[in-house]
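What follows is one structure encoded as structure tokens, with my remarks underneath.
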Amino acid sequence: MPRFLHTADWQIGRQYASFAPDDAVALAEARISVIERIAGLATEETVDAVLVAGDVFDAQTVSDRTIRRLFNAMAAYTGPWILISGNHDAALAESVWTRAQRLEAVPANAHLALTPEVMEFGDAGFAILPAPLTQRHTMSDLTEWFDHAETTDGLLRIGLAHGSVQGILAEDENATNPISPERYQSAALDFLALGDWHGTKQINPHTWYSGTPEQDRFRGNDPGNVLLVDIPEVGTEPQVEILPIGRHPWIQMSEHLAVSSDLDQLIGNIETQPEQAVVALRLEGEISLLGKQQLERALSVAEARFRSLGYDLSGLSLQPTEDDIAALHADGYVGDVITEFRDQQEGEGGEVARDAMAILASMLLEKQAQGGDG
Amino acid sequence: MKLLRLKAEQLRQFRAPVEIKDLEPGINLFTGPNESGKSTLVRAIRAAFFERHKSSSVEDLQPWGDSAAVPTVELDFEWEEQSWKLVKSFLKKKRCDLTVDGAPYSGDDAEEKLSSLLGYEFAAKGASKQQHWGIPGLLWVEQGAGQEIQAPVEHAGQHLKAALGGNLGEVTSSTGDELINQVTAERAKLLTTTGKPTGNYAKAIADVEALQDQFDALQDRIQQYRQQVDRLGQLREEQSQAETERLWETYRQQAKEAEARLNEVESWQREQDRDQQAFKGCQTSIQTTLELLSGFHSQQQDLARREDEKKAAEQQQADLEARKPASEAALEEAKQAHEAARKALKLAQQHQQRKELVRELEGIDAELVNDKSKLARAKALHASLLENRQKQQSQQIDPQTILRLKEVVSALDRLAIQQDAVATRLQFDLTDDHSVTLDGQSLAGQSEHLLIEPGEVAIKGVGSLRVLPGGEDVAEIARAKQSLTDEQESLLTRLRVTSLAEAEERLKQLQTLEQAIQQDESVLKELAPEGLEALSDQLQLKQARKDALAPQIQALPEQEEDSPSPSRAEAQQESAAEALAGAQAANQTLKSELLLAEQALNRARQEWERLSNELQAPDRKQREKQAGEQLAELRTNERRLSDQLAEREAQIKQANPDALKQDVQRLTKSADAAEKQEESRRFELIQLQARLESAGAEGLEEQSAELKVELDRATRRKRELERHANALDFLLARLTEHRLELTRQLQAPLQKHLNHYLQLLFPEASLNVDENLIPEVLVRQGHGGEERGQFNELSFGAREQMALISRLAYADLLQEANKPTLIILDDALVHSDAERLKAMKRVLYDAAQRHQILLFTCHPDNWRDLGVVARDVDGLM
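Residue numbers (numbering that gives the first Met the number 0), protein chains in the order written: chain A, 0 to 373; chain B, 0 to 876.
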């Protein structure tokens, strides 16, 4: 009974510009290391092939080194890898695939299905019907030829395609690369392995999106998995097991702070997030000086725990309490200035007032500290 | 605060106690000359308040040389209806006792009380200095320190602030000032004073820009790469299509077919040409044959012509021949005429020559006659000359000698006269003629004798008388006379004459002779300039010539009557010569014409003969006939060929070879083009492939993504710094704004008081104070409008005035805040002119309504109109 690993959307070469450089590097690295894990898993589960449904590379002109690294990462599994081209890495006249071939980086067990032709693996008992993308923009259903494609009797017919199933997916940004949801039927496919949707999703028992093995954006639609597919016999329903393999969950948090207990809750929340997560925190509301100190401390701790922590505090206004002001010993006109800033944080020019307030508060606190020592 | 009584003892010059009582609430004027103790009194008051009683730095208080003294000061004053009494002594006995309405304080407590009342500090150790004097430092003006206002205000600062009330807050809140400094420093790291980015902020902006540029550049290249990839795909497609179609093969095939057809047509063309040639040849042959035939015909005509020609030539020759003798004859005639003329000419010439010779002969004859006479005369002259010269020679006489003779003679005459005059005269009248002798000479009669030398007169019978003529002169004269006579003798001898007259006569003769000689000589010269010989020779020559001429003349013929003149003869000869030449020429011409005519005749004859012979040839007829037959044949050929040509022409036209040619060209070119396109496409593909390979290797998109990471990071950093800079800017602005506001609140009342006094000095003037309440700018209404002057740039006197006014304003402020204000002025306003001083007095008077003022001066005259009685310090001691 043939067994496969189904994966897609590796997006090798993607860079994360909005992160700090260290984090960006690590996240880019993570995309390669997950391949290694997939290879390990494939060997472990003794699969007959690994199906990669497109968007292997994030761009055509990734560096030579990146190309080699990818194929190196696949080394741990020596069985067949079948890869098709997606929209990011379309098989154009000149593409990352032709480059890879020129570099002789493609190992023998890596089958590049760059033309819509049946690929038979008779010994293993299956045939692959690939629908690779060969243009920058494709408007037609590239899986159409499946319907008339002939394969040797007795071989499983496995479709491998990259696109958006019509009528099912909510996003219509991909008006390109449509795929008929009935394809498995009309083409008598035992399994249609799809790519392009980054979350694991079942369309029907024979048609699945594996999703990207390493999450690459904040939208939560169940990424970070590979599918272990067992197909008992020709014509039977495949048994699909979802195996998590990603390392870095991406978590978005948005909170509103009004009272100090909100802050405590937030800090607690943060602490519960898993390590190595990629966290984006957005806060708004009000916070006292003391609260701000607490928050800063908590964020500093969290930063070390997470793979990456980004926070947006632009919606948070600094409202020093009477005690705060007293503690600052801001007498005379300095105190007036603080009051002025405090009131000015809402509305136009609020940001600069907030920042000025923060600077003033920190300077006064520093003086306090010095005064205490001196 | 009102000072009531002051007493000083053992203080400098006041060894004995000196007391001042009944001090007025307003102005108290103390006058006195220098060294009278005014300043000592001021020192006493200052010491009483400023110096700690325990201080050991107050030795200046001691009277000179008295180290055992105990300088003591007593002060009574009133404050808020309390009566304060202070007694302080220093050095040898340190003491400080204060009672406030009876309540006692002493030592340090007392001093604390005083300092907090008036607002000053004590020195931690040593003497009290300016920085300790606080408010009194501002109000108690020392000598020569009147114009200084900034330092006293600064030192009084804290106390002023403390005194002026808490609800005004801190003007220079030390926290506030430090903060402002800190914020300014922080801001300066990111923004320039004008608000432009600098430092890290500027760098961040630049970084973003640079990265953005790089990123954009990469994007362009990526775009280009994509376009090239698309082109690659396109080209591949085109290529595969072309491979399938293989258009060039089609074209080549078509071209081939067209070419084959064309070749066919061309072969027709060639045949056509050949036939055309043949046709042409045929026509030419026809032509030739026709010509031949006509040639035959014309030959006949020719012969006739030739005959005519021959005849004409014969005639010609004959004519010329006929003319020959005449020409000869003419020539002969001309020759003869010419000869005759020549002869005539020669004769005429000879005549001429004879004539000339005759003339010459006659001439020579004449000359000879002349010459002969000349020669004769010359000879005569020569002879006479010779004679005369001889005479001259013999009669030579020296005129100089004669002259001398003349002189001598006249001298002698003179001497004689002299002698006569000088000589002793012996005059006698004798009756007896024989008895008297003079020098042996008898004397008789009546006469006189001149005696120029001693003479002896002998009288017979009597004896002798020796007469000695006296005188030197006589002797002299006698001597002279003698010498001259001698000379005369010699001269005469030399001249060989006997007398002067003779000599002169001889001379005259000689002169005449000389004249004659000269005359003769000149005439001779005329006659025979080169001498007699020459003249003689010339004569000889001429004679010889004459002799020669005679036979010559004989030889020449004589002229006849009608023989022509040489010129006419010449003319005749010339014309004869011309005629001769003409005749010769004519003859010559005739000869040559004749020659030509003979030649022509020969030719004509030859031609005629030849032609005649030809026409006689036997086979001529034959050939003529042949030619006729040939002609007919040729005509037939011609027709045939013509038809053939026309037929083929039509054929060829139909086939349209031009079009075929174009087709071949077009199709061949098309095939070439198609192949070329294929080639260039292949080439482009290769190039493109190579370019894409190398570009791909660059990993542009990966680079771009990495760059984006950096760009975003740089942008975030820029944004952070931007926010930080803006916040600092804003913060600084707000802090300074607030501080300024606060200052203004303090400035206002001070300003008010200042201007109040200033009006008394400068109407409509104002003195602006800065944020530290120190006078800064004086604004006046001058001649040309508003005048602004910096305080520090005012004159010494003006500064004194402004400073004093400021102090008074401070005093007013303090008073409003219920603080004590005692004003002490030690020799103030020394640099003010009379005008200003007047105004200042009004100011002081006004201030004195509110404050007690102690005014010390050594110029009592200046202060008489203050409205107070001056106290003489001098009189205190």
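From the three backbone atoms N, C-alpha and C, an ideal C-beta is built for every residue, glycine too.
* Asked: What are the residues of the region 656-687 of chain B that lie near chain A, defined by any Cβ-Cβ distance shorter than 7 Å?
  -> Within the region 656-687 of chain B, no residue qualifies.
* Taking any Cβ of chain B, which residues in the region 6-39 of chain A have a Cβ under 8 Å from it, in chain order? -> Gly12, Arg13, Gln14, Tyr15, Ala16, Ser17, Phe18, Ala19, Pro20 and Ala23
* To do: Kindly indicate the opening and closing residues of the alpha helix (DSSP H) around threonine 199 of chain A.
  => For the purposes of this step, residue 199 of chain A is taken as residue 200 along the first sequence, with counting starting at 1. Careful: threonine 199 of chain A lies outside any alpha helix (DSSP H) and carries neither H nor E.
* Asked: Counting pairs of beta carbons, one from the region 312-330 of chain A and one from the region 350-362 of chain A, are three or more of them closer than 8 Å?
  -> yes
* Asked: When the distance is taken between beta carbons, is arginine 14 of chain B closer than 9 Å to alanine 47 of chain B?
  -> For the purposes of this step, residue 47 of chain B is taken as the residue at position 48 of the second sequence. For the purposes of this step, residue 14 of chain B is taken as the residue at position 15 of the second sequence. No; because the gap between Cβ atoms is not below 9 Å, this pair is not in contact.
* Three-way DSSP call (helix, strand, coil) for asparagine 224 of chain A in this model -> Translated into the one-based positions of the first sequence, residue 224 of chain A becomes position 225. It is a strand residue.
* Alpha-carbon to alpha-carbon, glycine 106 of chain B and glutamate 80 of chain B -> By one-based count along the second sequence, residue 80 of chain B stands at place 81. By one-based count along the second sequence, residue 106 of chain B stands at place 107. Whole-angstrom Cα-Cα distance: 24 Å.
* Alpha carbon to alpha carbon, what distance is there between isoleucine 167 of chain A and glutamate 701 of chain B? -> Numbered from 1 along the second sequence, position 702 holds the residue referred to as residue 701 of chain B. Numbered from 1 along the first sequence, position 168 holds the residue referred to as residue 167 of chain A. Roughly 33 Å separates the two Cα atoms.
* List the endpoints of the continuous alpha helix (DSSP H) containing lysine 53 of chain B. => Position 54 of the second sequence holds residue 53 of chain B. Where lysine 53 of chain B is concerned, there is no enclosing alpha helix (DSSP H), given that its DSSP letter is neither H nor E.
* Asked: Going along the chain, which residues of the region 65-92 of chain A sit with their C-beta nearer than 8 Å to a C-beta in chain B?
  -> Within the region 65-92 of chain A, the residues whose Cβ lies closer than 8 Å to any Cβ of chain B are, in chain order, Thr65, Leu91 and Ala92.
* Identity of the residue in B/Leu90, B/Leu231 and B/Gly294 nearest glutamate 613 of chain B by Cα -> The count along the second sequence starts at 1 and reaches residue 613 of chain B at position 614. With distances taken between CA atoms, glutamate 613 of chain B lies nearest to B/Gly294 out of B/Leu90, B/Leu231 and B/Gly294.
* How about the region 223-237 of chain A and the region 282-300 of chain A: do they share at least three Cβ pairs that are nearer than 8 Å? -> no
* Interfacial residues, the region 323-352 of chain A to chain B, with Cβ spacing under 8 Å -> His328, Ala329, Asp330, Gly331, Tyr332, Val333, Asp335, Val336, Glu339, Phe340, Glu350, Val351 and Ala352
* Spatially closest choice to glutamate 147 of chain B from B/Trp862, B/Met801, B/His858 and B/Ile822, by CA coordinates -> As a first step, residue 147 of chain B is located in the second sequence; it is residue number 148 there, counting from the start. Glutamate 147 of chain B has its Cα closest to that of B/Met801, out of B/Trp862, B/Met801, B/His858 and B/Ile822.
* **Closer than 9 Å at the beta carbon, the chain A residues around arginine 870 of chain B** => Within the second sequence, residue 870 of chain B is the residue found at index 871, counting from 1. Ordered by position in chain A, no residue passes the 9 Å Cβ test against arginine 870 of chain B, which lies about 47 Å from the chain.
* **Residue environment, glutamine 10 of chain A, which counts as buried when at least 16 other CB atoms sit within 10 Å** => On the first sequence, residue 10 of chain A is found 11 positions in, with the first residue counted as 1. Buried, because 16 or more other Cβ atoms sit within 10 Å of the Cβ of glutamine 10 of chain A.
* Go to aspartate 206 of chain B, then tell me how far its alpha helix (DSSP H) extends in each direction, as first and last residue. => Translated into the one-based positions of the second sequence, residue 206 of chain B becomes position 207. Where aspartate 206 of chain B is concerned, the enclosing alpha helix (DSSP H) stretches over 198-244.
* Asked: Would you call the region 195-205 of chain A and the region 214-225 of chain A in contact, with 3 or more CB pairs under 8 Å?
  -> Yes: at least three Cβ pairs fall under 8 Å.
* Using a Cβ cut-off of 7 Å, which residues of the region 174-196 of chain B contact any Cβ in chain A, in chain order? -> Thr174, Gly175, Leu178 and Gln181
* **Residues, ordered as in the chain, of the region 722-737 of chain B that lie near chain A by beta-carbon distance below 8 Å** => Arg722, His723, Asn725, Ala726, Leu727, Phe729, Leu730, Arg733, Leu734 and His737
* Within the 9 Å Cβ cut-off, does methionine 138 of chain A reach chain B? -> Position 139 of the first sequence, counted from the start, is the residue given in the question as residue 138 of chain A. Not closer than 9 Å to any Cβ of chain B, the Cβ of methionine 138 of chain A fails to qualify, so no.
* **Span of the alpha helix (DSSP H) around threonine 588 of chain B** => Along the second sequence, read from residue 1 onward, the residue named residue 588 of chain B stands at position 589. For threonine 588 of chain B, the enclosing alpha helix (DSSP H) starts and ends at 565-615.
* Asked: Out of curiosity, what's the CA-to-CA distance linking aspartate 22 of chain A and valine 277 of chain A?
  -> In the first sequence, counting from the first residue as 1, residue 22 of chain A sits at position 23. In the first sequence, counting from the first residue as 1, residue 277 of chain A sits at position 278. C-alpha separation (whole angstroms): 9 Å.
* glutamate 701 of chain B touches chain A at which residues, Cβ-Cβ below 8 Å? -> Locating residue 701 of chain B in the second sequence gives position 702, where the first residue counts as 1. Simply Gly12, Gln14, Ala58, Thr60, Val61, Ser62 and Thr65.
* Listed by chain order, chain A residues near arginine 235 of chain B by CB distance under 9 Å -> The residue labelled residue 235 of chain B in the question sits at position 236 within the second sequence. Ala92, listed in chain order.
* Asked: Alpha carbon to alpha carbon, how far is lysine 366 of chain A from leucine 760 of chain B?
  -> If you number the first sequence from 1, residue 366 of chain A lands on position 367. If you number the second sequence from 1, residue 760 of chain B lands on position 761. So the alpha carbons of these two residues sit roughly 48 Å apart.
* To do: Closer than 9 Å, Cβ to Cβ, to anything on chain A: give me those residues from the region 42-57 of chain B, in chain order.
  => none
* Could you tell me whether the region 506-516 of chain B touches the region 452-463 of chain B, using the rule of 3 or more Cβ pairs below 8 Å? => Flag = no, the region 506-516 of chain B and the region 452-463 of chain B do not touch.
* To do: Taking only beta carbons into account, state which residues of the region 213-247 of chain B come closer than 9 Å to chain A, listed in chain order.
  => Those residues of the region 213-247 of chain B that come within reach of chain A (Cβ to Cβ, closer than 9 Å) are Ile221, Tyr224, Arg225, Gln227, Val228, Asp229, Arg230, Leu231, Gly232, Gln233, Leu234, Arg235 and Glu236.
* To do: Can you grab the Cα-Cα spacing for the pair glutamate 520 of chain B / leucine 374 of chain B, in whole Å?
  => Taking the second sequence and counting its residues from 1, one reaches residue 520 of chain B at position 521. Taking the second sequence and counting its residues from 1, one reaches residue 374 of chain B at position 375. So the two alpha carbons sit approximately 14 Å from each other.
* Three or more C-beta pairs below 8 Å linking the region 252-265 of chain B and the region 648-658 of chain B -> In this structure the region 252-265 of chain B lies against the region 648-658 of chain B, because at least three pairs of beta carbons, one per stretch, are closer than 8 Å.
* Which residue from B/Phe729, B/Arg779 and B/Leu772 puts its Cα closest to that of serine 765 of chain B? -> By 1-based counting over the second sequence, the position of residue 765 of chain B is 766. Taking only the C-alpha atoms, the option nearest serine 765 of chain B is B/Arg779.
* Is it right to say tryptophan 63 of chain B is buried, meaning 16 or more other beta carbons lie within 10 angstroms of its own, or is it exposed? -> The residue given as residue 63 of chain B occupies position 64 in the second sequence. Its Cβ having fewer than 16 others within 10 Å, tryptophan 63 of chain B is exposed.
* Asked: Tell me the DSSP bridge mates of glycine 454 of chain B?
  -> To locate residue 454 of chain B, count along the second sequence from 1; it is residue 455. For glycine 454 of chain B, which the question treats as bridged, DSSP gives the partners B/Val466.
* What number of angstroms, rounded off, separates the C-alpha of glutamate 503 of chain B from the C-alpha of glutamate 406 of chain B? -> Against the second sequence, residue 503 of chain B aligns to sequence position 504. Against the second sequence, residue 406 of chain B aligns to sequence position 407. Cα to Cα, glutamate 503 of chain B sits roughly 13 Å from glutamate 406 of chain B.
* Do proline 129 of chain A and isoleucine 83 of chain A have their C-beta atoms within less than 9 Å of each other? -> Counted from its first residue, the first sequence places residue 129 of chain A at position 130. Counted from its first residue, the first sequence places residue 83 of chain A at position 84. In contact: proline 129 of chain A and isoleucine 83 of chain A (Cβ atoms closer than 9 Å).
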